[in-house]
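Asks:
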């Protein structure tokens, strides 16, 4: 049973560029959430997708956008990258009506902005 | 809004000793409470959760936590730690279910 898979695992960008991160949820899961984990901090909620729509959003600017596909996989896009966007980006999958907070996390995509 | 404070950034402990990782939360409404563990270069894994009912919850790998509503705390404990427990531990709260608010984490270092 494949867990949550994310790609790429590492990437380096320069300020002003755009990046797309990808996530495939655990088999059978229909909800995908994205979190940003800066160095030395806990993960911060970016947004959540269910039925191909953004359902909840954290305190992140519009430069952060996402998408969910019919097969439940998801993308996170960040435009006009800033140095402060350097972080580990975690994808978590779950079932929409399952036990609250029972998220399954991928290993993350580590983004470095130079 | 909810917030989580993990009172210790690092906790060193010798193998087979007991350990407690402290977590306090702030919320004006009832919350669900969680502990997640992150091993090096891995994603987060759910250790245990409190949704309702008994205030003492047991999780995987011998960990347990106690919900104290009056002190707004949810401390994590293990009576005897192993080297393999070395990891970063995150306390989290949720009101809506799957939108988690995490603390800054506590690094548990188990020494032989």
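Residue numbers (our numbering), protein chains in the order written: chain V, 5 to 118; chain Y, 1065 to 1176.
Where a beta carbon is used, it is the ideal one built from N, C-alpha and C, also for glycine.
None of the values given here were measured: they were computed from a predicted structure.
1) Determine which residues of the stretch 1087-1105 of chain Y have a Cβ less than 9 Å from any Cβ of chain V, and write them out in chain order.
2) Buried or exposed for residue 39(V), please, with buried defined as at least 16 other CB atoms from any protein chain shown within 10 angstroms of its CB.
3) Indicate whether residue 111(V) and residue 10(V) have their beta-carbon atoms separated by less than 8 Å.
4) Mind checking residue 91(V): buried by the 16 CB within 10 Å criterion, or exposed?
5) Which class does residue 1148(Y) belong to by DSSP, given the choice of helix, strand or coil?
6) Using a Cβ-Cβ cut-off of 8 Å, state whether residue 1131(Y) counts as contacting chain V.
7) If the cut is a Cβ gap below 8 Å, which residues of chain Y does residue 8(V) touch?
8) Are the C-beta atoms of residue 98(V) and some chain Y residue less than 8 Å apart?
9) So which residues on chain V does residue 1116(Y) lean against when the C-beta distance must stay under 8 Å?
10) Secondary structure at residue 70(V), three-state DSSP: helix, strand or coil?
11) Using a Cβ-Cβ cut-off of less than 8 Å, list which residues of the stretch 44-65 of chain V approach chain Y; keep chain order.
12) Counting beta carbon pairs with one atom in the stretch 1095-1109 of chain Y and one in the stretch 1150-1160 of chain Y, are three or more of them shorter than 8 Å?
13) Which residue from 16(V), 24(V), 14(V) and 55(V) puts its Cα closest to that of residue 83(V)?
14) Grab me the residues of residue 1077(Y)'s own chain with a C-beta within less than 8 Å of its C-beta, minus the 5 sequence neighbours each way, in chain order.
15) List the DSSP bridge partners of residue 1(V).
16) Considering just the uninterrupted stretch of the beta strand (DSSP E) at residue 9(V), what are its terminal residues?
17) Give me the Cα-Cα distance between residue 33(V) and residue 27(V), rounded to the nearest whole angstrom.
18) Once you ignore the five residues that flank residue 2(V) on each side, which residues in its own chain have a CB closer than 6 Å to its CB?
19) DSSP three-state call for residue 1105(Y): helix, strand or coil?
20) Could you tell me which chain Y residues have their CB closer than 7 Å to the CB of residue 104(V), listed as they occur along the chain?
21) In chain Y, which residues lie with their C-beta within 8 Å of the C-beta of residue 90(V)?
Replies: So, from the data block:
1) 1096, 1097, 1098, 1100, 1102 and 1105
2) Taking all protein chains in view, the Cβ of residue 39(V) is crowded by 16 or more other Cβ atoms within 10 Å, so the residue is classified as buried.
3) Here residue 111(V) is near residue 10(V), since their CB atoms are less than 8 Å apart.
4) Per the 10 Å Cβ criterion, buried.
5) helix
6) no
7) Residues of chain Y passing the Cβ test: 1107.
8) It does: the Cβ of residue 98(V) has a partner Cβ on chain Y nearer than 8 Å.
9) Residues of chain V passing the Cβ test: none, with the nearest at roughly 10 Å.
10) For residue 70(V), the secondary structure class from DSSP, reduced to helix, strand or coil, is strand.
11) Cβ proximity to chain Y below 8 Å picks out 44, 45, 46, 47, 48, 49, 52, 60 and 62 from the stretch 44-65 of chain V.
12) yes
13) The option with the nearest alpha carbon to residue 83(V) is 24(V).
14) 1083, 1145, 1172, 1173, 1174 and 1175
15) Since the first residue shown for chain V is 5 and the last is 118, residue 1(V) is missing from the structure and cannot be characterised.
16) 9-11
17) 12 Å
18) Not covered by the structure: residue 2(V). The range shown for chain V is 5 to 118.
19) coil
20) Around residue 104(V), the beta-carbon contacts reaching into chain Y at under 7 Å are 1096, 1115, 1158, 1161 and 1162.
21) In chain order: nothing, as chain Y lies at least about 17 Å away.
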